[in-house]
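Participant:
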């Protein structure tokens, strides 16, 4: 039972993305979020 679990865990860990791939995905997400964000300026007029 422990051997099957260890082999499954080893396959799961080794098939994941690398550190650089994760960082690239984060940078792309941040770039997309900051490029699509708009700001609105509210002007309040005194009566």
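Numbering (the numbering used here), first residue to last: 21 to 67.
Ideal placement from N, C-alpha and C gives every residue a C-beta, glycine not left out.
Predicted model, so just to flag it, every value in this text is computed and none were measured.
(1) Taking the C-alpha atoms as reference points, what is the distance between residue 53 and residue 39?
(2) Nearest-angstrom Cα distance between residue 66 and residue 51?
(3) How is the alpha helix (DSSP H) around residue 56 delimited, first residue to last?
Facilitator: Answer, in terms of the structure:
(1) Approximately 21 Å, taken between the alpha carbons.
(2) Between the alpha carbons of residue 66 and residue 51 lies a gap of roughly 39 Å.
(3) Segment 39-56, the alpha helix (DSSP H) holding residue 56.
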